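In this text, residue positions in the sequence shown follow the UniProt record's numbering: the first is 1, and each later residue adds one. Glycine included, each C-beta is placed from N, C-alpha and C at the ideal position. Computed from a prediction, not measured in an experiment: that's the story for all the values here.
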Amino acid sequence: MPHCCNAIWAFDMFSVYSLSLPLAPGLESWLQDQVPGSLRATIARRQRQSDQHLSLLAHGALRHFLAPLLGCAPHAVPVKNLEHGKPVLDLDNPDLHFSLSHSGDRVLLGIADQSIGVDIEAMRLPVRAGLVEHCSVHAERAWLKNDLDFYALWCGKEAALKHAGTGFHIPPQELWLNAHPQGGCTVQSTHPILQGLVVHSSRPAANYTAAVCLNTPFPSWTIRFLDSAQLPDSQLTDYD
């Protein structure tokens with residue numbers, strides 16, 4: 001039977017969690033307790049129950065991990081949205097940063113001591129004709145050999161744009177990756193906010209691609225799996 005699980009990718013001062021639907025028995029009620037009432041109302045307006053559960057899983061788990069680091073209850077974690085919608089901690093000079101993404105039945109959460117962007121995509125194969133040209137520049141096409149390479153490119157660019165807080169207000173052709181992100185690469189762009197960011201991509205599960213973007217070079221991460229039933233009792237022990 002499918003179950004919710006999460007993987008932790010840990011390196012020094014950042015951790016990335018991948019969680020999946022369906023929710024374990026009793027987990028929906030617990031997750032609702034982690035988020036403020038205004039957010040619960042926003043989530044409840046989503047039309048499909050699977051979308052409600054996915055959003056609840058992302059925001060509830062995020063607040064569960066942030067709360068002990070901030071010394072407050074999960075539903076009291078102060079979050080605000082920047083101009084283009086990026087959620088950040090509503091604190092003066094925070095030394096904690098986060099990013100979240102979801103696609104298909106999976107969520108990706110990143111928590112770090114520096115700005116971070118994460119993205120996850122459920123791969124829809126084959127990639128539509130023309131999409132590669134729309135989302136890439138000529139220099140990247142030297143290593144774009146197949147659809148899996150395209151998703152690594154797409155996730156890498158979206159992680160970088162989420163790191164910058166712009167989303168696709170900056171078009172995908174206005175930044176480029178100097179190598180395949182599976183081995184780590186650097187972002188190039190005429191936009192200073194993107195120049196020099198570092199991206200790594202990975203395959204966290206079958207039919208999914210994910211990417212992490214940080215300010216500085218970092219090695220590939222290791223993966224640890226937890227059973228969903230352990231989520232309410234788990235802690236962000238890798239962040240120290």
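C-alpha gap between residue i and residue j, whole angstroms
i           : j    : result
A229        : E83  : 36 Å
A159        : P25  : 32 Å
L236        : H75  : 17 Å
T222        : G110 : Caution is warranted here: a pLDDT of 48 is assigned to T222, below 50, making its placement in the model unreliable, and the coordinate value is therefore given only provisionally. When rounded, the distance between both Cα atoms is 14 Å.
N93         : K86  : 16 Å
H53         : L23  : 7 Å
residue 266 : D51  : This structure does not reach residue 266, given that the chain is present from 1 up to 240, and the question cannot be answered.
Q173        : L31  : 38 Å
P126        : I170 : 26 Å
E28         : V137 : 43 Å
Q49         : V187 : 37 Å
H97         : N146 : 33 Å
D157        : T166 : Sequence check: residue 157 is Lys here, not Asp. Approximately 12 Å between the Cα atoms of the pair.
P204        : L148 : 13 Å
L161        : L108 : 16 Å
L144        : K80  : 37 Å
S115        : L197 : 10 Å
F218        : D95  : 18 Å
R46         : G37  : 15 Å
Supposed close pair residue i, residue j - CB separation, criterion 8 Å
i    : j    : result
L89  : L57  : The pair is not a contact, with the Cβ atoms about 20 Å apart (cut-off 8 Å).
V118 : V212 : 5 Å
H59  : L39  : 6 Å
R106 : S202 : Contact doesn't hold; Cβ gap of about 13 Å is too wide.
P134 : I120 : Checking the sequence shown, residue 134 turns out to be His, not Pro. Actually they are not in contact, since the Cβ atoms of H134 and I120 sit about 21 Å apart, beyond 8 Å.
A164 : I193 : 5 Å
Reference residue i; option with closest CA among the options
i    : options                : result
C155 : P126, W176 and A142    : W176
A61  : K80, S99, S38 and N81  : S99
N215 : L69, S234 and Q195     : Q195
M123 : S29, Y208 and G37      : Y208
A210 : H200, F218 and N81     : H200
A206 : G104, P68, A73 and T42 : G104
D33  : A67, L131 and Q47      : A67
S234 : A41, V77 and R63       : R63
V16  : G71, F65 and T42       : F65
Environment of residue i [buried if 16+ CB atoms lie within 10 Å]
i    : result
W9   : Because W9 carries a pLDDT of 49, less than 50, the predicted location of this residue cannot be relied on, and the following value inherits that uncertainty. By the 10 Å Cβ count, W9 comes out buried.
A44  : exposed
C185 : buried
S55  : buried
R141 : exposed
A112 : buried
F150 : buried
H191 : exposed
A129 : exposed
F168 : exposed
F14  : buried
L231 : buried
M1   : In this prediction, M1 has a pLDDT of 31, which is less than 50 and means its spatial position is unreliable; nothing more can be read from the coordinates.
Chain D contact for residue i (CB, 8 Å cutoff)
i    : result
R124 : Absent from the structure: chain D. Only one protein chain is present.
| query | What residue ranges within the segment 159-193 form continuous beta strand (DSSP E) runs of no fewer than 3 residues, ordered along the chain? | reply | You should have 175-177 and 185-189.
| task | Could you pull out every unbroken beta strand (DSSP E) segment of at least 3 residues lying fully inside the segment 56-130, listed in chain order? | result | Within the segment 56-130, the complete beta strand (DSSP E) segments at least 3 residues long are 79-81, 87-89, 97-103, 106-112 and 117-122, listed from N- to C-terminus.
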